[in-house]
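Peer 1: After the structure tokens below, expect a handful of questions from me.
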Amino acid sequence: MGVEGIGARVTRKEDKRFLTGKGRYTDDMTVPGMKYAYFVRSPYAHAKIGNIDATAAKAMPGVIDVLDGKQLQADGIGNLICGWMIHSKDGTPMKMGAWHPLAVDTVRYVGDAIAIVVADSSGEARDAAEAVVIDYEQLPTVVEAVAALASGAPQIHPEAPGNLIFDWQIGEPDAVDQAIASAAHVTEIEILNNRLSPNPMEPRATLGIYDTAEDHYTCYTTSQNPHVARLVMSAFYNVAPENKLRVIAPDVGGGFGSKIYIYPEEIICLWASKKTGVPVKWTSDRTEAFLTDAHGRDHVSKVKMAFDANNRITALKVDTIANLGAYMSLFSSAVPTYLYATLLSGQYDIPAIHANVRTVYTNTVPVDAYRGAGRPEATYLLERTMETAARELGVSPAELRRANFIRTFPHQTPVIMNYDAGDYEASLNAAMQAADWNGFAARRSQSEAKGKKRGIGMSCYIEACGIAPSAAVGSLGAGVGLWESAEVRVNAVGTIEVLTGSHSHGQGHETTFAQLVAGRLGLPIESINIVHGDTDKVQMGMGTYGSRSGAVGMSAIVKALDKVEAKAKKIAAHLMEASEEDIVIENGELKVAGTDKSVPWFQVALASYTAHNLPSGMEPGLKETAFYDPSNFTFPAGCYIAEVEIDPDTGETDIVQFVAADDFGNIINPMIVEGQVHGGIAQGIGQALLENVQYDENGQLLTASYMDYAMPRADDLPSFTLSHQNTPCPGNPLGIKGCGEAGAIGSPPALINAITDAIGHNKLTMPATPMKVWQALHPAH
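Numbering (our numbering), first residue to last: -5 to 775.
In structure tokens:
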């Protein structure tokens, strides 16, 4: 390992442009003749659309045109789709209601787009949008998942009677019921997982450009997976043939899952560019982001966990209702099913599990993957239940977990997943030692002497990352494969370009991917460039989500490097008249092992392109491609411990320490991994203590600005104590498991377990705001 290779704490190459304001985001893009879009959106959560009068708007200064859904439909633009088919337990397919990019007959949530105004400036477009007059016939609304299933609830889509999208199950219900009936103890709990808004730093934006001369479209967009965007807009939405559509995702300022999907705005701006003859740019403002970006979480679950007389878990029964909002987003159906219920075994050897999941439509923003995507919901449910069980059984929550850990691998769970490697006890021990778990009683006494409440809580999480292999997810209903691609181009002077189908929106790929190549070939990291995000430059790839960039994206690079290295060794052996098997690569040179013969890397690269002296039959050049489809998911895991002190007079919670012990497999760059964990914990703390999307009974969003939606700030966060107890993943060539979502998965249950330990009971839901905590401490009030 060199100072810039795998394992080195290399500072991020990309940060120079970001920290000096030189990043190039979608909103920075300008082209000649570019105009600006503003969307006319529904002020009602549920209504029939009557007449749309844009006469006054079209006459306003700077307005190019006002376009509506009937025009879009007449031009053959398709409806938005959900790309993961789920069947109910009776075998019927999910009930997908029609989602028009611009609403035609009915609006189903506040913010549903109805028309687009294109004007010379964004201000003129906004002013004209306010002059569009629309007649509405208001309809009854429903915003809560449980209420949506009630008899007589407002019907949101005719395709889904009773608002039920699907009623799905996994596991063996009879075995679970029998185990519960014969159990020595059964813990029962109801779990609410609050709805969140993703809030990436950069709002969504798109620039649609239609070239009349070439009959070609270009879309700049804030996407985590530009190739998938091109595929879906071509194959399903009929925007343009794939060979006539270029999608570019330049620098993207955070995604957290919310930029995986294709939203109406990308489709409409491309279509509007052709209709108006001008490039059309739209950039969301922050209120639009709250109103239209896919939300996350929003589950209501009932849980039963059965134990035998030795406190071993014998069964787990879960019934979940998941709110998917007004429409089915691109991967929404997978989140509460195969990304959630398949992780309900957690780190524990549970012989029988059954989960039933019902998903429903409501008059709210569509819900889809948000950092962790199903894994946080599963971990929160399981770890709150484990903590509650320990209290009911009168045993240490740490020892109850320890007694139920999986200890031999591979381990087949009752819910599809086959865990390949791990050491859960090592993470537990490391976290307890770092948190001084055994010294907590003395610290609690000190807090009590000050009139404060003190609590400690833990969470042992596991997640499935990589979201692969393709054959497996295809059999479960996925509409796409989940492999990844890479191309390694060695230039004639020896510099290298790596073209990856992964996409970076904060993960540091330009550094970590370059470290992989630098360490492999002994080259300076400055000589290696990473290219991504442009469908005209990079071959088809699947993008970044599910902590897959390292385990899947970098593995594709390894496969391409294997081919490059093999060819380079053949050339070097030929040049030095040596055996190919004797060639080694060290410090930027190809050497004959055991001799002083060597040729520098650049000389081999140059030889490949001059082609004056290549082995017989060898093609010129040094460029290779590869596709990598993993054999299994990866399974990061860990133990988090939170300790809190609460002021009973105000309900304010102070996080006095937070410990995270993670197993991410092999680590490429420890500094970047720590940053990913810090960010994930911050988002988990936000969910646990502060963040909550709130609607009123009419479907009006009450948390549509930062005045009302509480984001975590610096003084809400403690310092974090991190450690790693890594077991390499046997399923990919680098032994990587993934780290991007762990912090957001493990932290909410640890915090709520700590707070409920402090207040002495379980009557508390996220977010644990000061008011909620005060009310829990003073129920009489």
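Glycine included, every Cβ here is placed at the ideal spot set by N, Cα and C. Here the structure is a predicted model, which means the values were calculated and not measured.
Taking 8 Å as the limit between beta carbons, can you name the residues of its chain near Ser699, skipping five residues before and five after?
Peer 2: Within the same chain, Ser699 has close Cβ partners Arg280, Thr281, Phe284.
Peer 1: Check each candidate in Asp245, Ser228, Gly673 and name the one with the smallest Cα separation from Trp265.
Peer 2: When only C-alpha atoms are compared, the closest one is Ser228.
Peer 1: Alpha helix (DSSP H) containing Thr277: first to last residue?
Peer 2: Note, Thr277: premise wrong, no alpha helix (DSSP H); beta strand (DSSP E) at 274 to 277.
Peer 1: With a CB to CB cut of under 7 Å and the five nearest residues on each side skipped, what residues in its chain are close to Tyr38?
Peer 2: Correct list, in chain order: Val101, Val104, Tyr130, Gln132.
Peer 1: Roughly how many angstroms separate the alpha carbons of Asn232 and Thr619, rounded to a whole number?
Peer 2: So the two alpha carbons sit approximately 30 Å from each other.
Peer 1: Reducing DSSP to helix, strand and coil, say where Leu13 ends up.
Peer 2: In the structure shown, Leu13 sits in a helix (DSSP, three-state: H, G or I).
Peer 1: Does the beta-carbon distance from Gly388 to Tyr355 come in below 9 Å?
Peer 2: No, the Cβ-Cβ distance between Gly388 and Tyr355 is not below 9 Å.
Peer 1: I'd like the list of long-range same chain contacts for Asn796, defined as Cβ closer than 6 Å, with 5 residues on each side in sequence excluded.
Peer 2: With the chain represented from -5 up to 775, any question about residue 796 goes unanswered, as that position is not in the structure.
Peer 1: Are at least three pairs of beta-carbons, each pair with one atom in the segment 356 to 376 and one in the segment 477 to 484, less than 8 Å apart?
Peer 2: With the cut-off at 8 Å, the segment 356 to 376 and the segment 477 to 484 do not touch.
Peer 1: Would you kindly check if the distance between the Cβ of Ser464 and the Cβ of Ala458 is under 9 Å?
Peer 2: No, they are not a contact pair.
Peer 1: Just the C-alpha distance for Met88 and Phe652, rounded to the nearest angstrom, thanks.
Peer 2: Roughly 41 Å separates the two Cα atoms.
Peer 1: Please tell me whether Ile640 and Leu771 are closer than 9 Å, where the distance is taken between their beta carbons.
Peer 2: In this structure, Leu771 lies closer than 9 Å to Ile640 by Cβ.
Peer 1: To which residues of the same chain is Leu683 closer than 6 Å at the C-beta, ignoring the five residues directly before and after it?
Peer 2: Excluding positions up to five away in sequence, the list reads Pro761, Ala762.
Peer 1: Would DSSP call Met(-5) helix, strand or coil?
Peer 2: Because the pLDDT of Met(-5) is 40, which lies under 50, any placement of that residue in the model is unreliable, and the question is left without a value.
Peer 1: For the segment 401 to 465, which segments carrying the beta strand (DSSP E) assignment without a break, of at least 3 residues, lie completely within its bounds, in sequence order?
Peer 2: As far as the segment 401 to 465 is concerned, its whole beta strand (DSSP E) runs of at least 3 residues are 447 to 456.
Peer 1: Cβ atoms of Glu685 and Pro706: under 9 Å apart, would you say?
Peer 2: In this structure, Glu685 lies closer than 9 Å to Pro706 by Cβ.
Peer 1: Taking buried to mean at least 16 other C-beta atoms within 10 Å of its own C-beta, is Arg291 buried or exposed?
Peer 2: Result: buried.
Peer 1: Evaluate Met701 with the Cβ neighbour count: other Cβ atoms within 10 Å of its Cβ, from every protein chain shown; 16 or more gives buried, anything less gives exposed.
Peer 2: Exposed.
Peer 1: Tell me which residues share the same chain as Tyr689 and place their Cβ nearer than 7 Å to its Cβ, disregarding the 5 neighbours each side in the sequence.
Peer 2: Answer for Tyr689: Val137, Thr358, Leu695, Leu696, listed in chain order.
Peer 1: So Arg306 packs on Ala173, CB below 8 Å; how close in whole Å?
Peer 2: That belief does not hold up - the Cβ atoms of Arg306 and Ala173 are roughly 11 Å apart, past 8 Å.
Peer 1: Is the segment 43 to 56 in contact with the segment 271 to 278, if contact means three or more CB pairs nearer than 8 Å?
Peer 2: Not touching, per the Cβ criterion.
Peer 1: According to the neighbour-count rule (16 or more other Cβ atoms, all chains shown, within 10 Å of its Cβ), is Arg352 buried or exposed?
Peer 2: Burial call: buried.
Peer 1: How about Tyr321 and Thr286: are their beta carbons less than 9 Å apart?
Peer 2: No, the Cβ-Cβ distance between Tyr321 and Thr286 is not below 9 Å.
Peer 1: Rounded to the nearest angstrom, what separates Gly63 and Asp623 at their Cα positions?
Peer 2: The straight-line gap from Cα to Cα measures roughly 40 Å.
Peer 1: Given this structure, state the Cα-to-Cα distance separating Val578 from Asp648, to the nearest angstrom.
Peer 2: The alpha-carbon atoms of Val578 and Asp648 are separated by roughly 56 Å.
Peer 1: Can you tell which of Ser573, Tyr364, Leu61 has its C-alpha closest to the C-alpha of Thr538?
Peer 2: When each option's Cα is compared against that of Thr538, the closest is Tyr364.
Peer 1: Let me know if Phe301 comes out buried or exposed under the rule of 16 or more other beta-carbons within 10 Å of its beta-carbon.
Peer 2: When all chains shown are included, Phe301 counts as buried.
Peer 1: Can you find the residues in the same chain that come closer than 8 Å, C-beta to C-beta, to Met(-5), ignoring five residues on each side of it along the sequence?
Peer 2: Confidence in Met(-5) is poor, its pLDDT being 40 and thus under 50, which makes the residue's placement too unreliable to answer from.
Peer 1: Note down the Cα distance separating Ala425 from Met452, rounded to an integer number of angstroms.
Peer 2: The straight-line gap from Cα to Cα measures roughly 9 Å.
Peer 1: Spell out a yes or no on whether the segment 8 to 23 and the segment 103 to 120 are touching, meaning 3 or more CB-CB pairs, one atom from each, closer than 8 Å.
Peer 2: No, because fewer than three Cβ pairs between the segment 8 to 23 and the segment 103 to 120 fall closer than 8 Å, the two stretches do not touch.
Peer 1: Using the C-alpha atoms, what's the distance from Ser521 back to Gln509?
Peer 2: Using only the alpha carbons, I get a separation of about 11 Å.
Peer 1: Take Met28 as the anchor and find which of Arg224, Met90, Thr270 has the nearest alpha-carbon.
Peer 2: For the residues Arg224, Met90, Thr270, the minimum Cα distance to Met28 belongs to Thr270.
Peer 1: Give the straight-line distance between the Cα atoms of Ser82 and Ile164, rounded to the nearest whole angstrom.
Peer 2: Rounded to the nearest angstrom, the two C-alpha atoms are 10 Å apart.
Peer 1: Nearest to Pro630 by CA position, among Thr494, Gly611, Ala415, Lys446, is which residue?
Peer 2: Among Thr494, Gly611, Ala415, Lys446, the Cα nearest to that of Pro630 belongs to Ala415.
Peer 1: Starting from the Cα of Glu124, find the closest Cα among Arg35, Asn187, Phe621 and give me that residue.
Peer 2: If we check each option's Cα against that of Glu124, Arg35 comes out closest.
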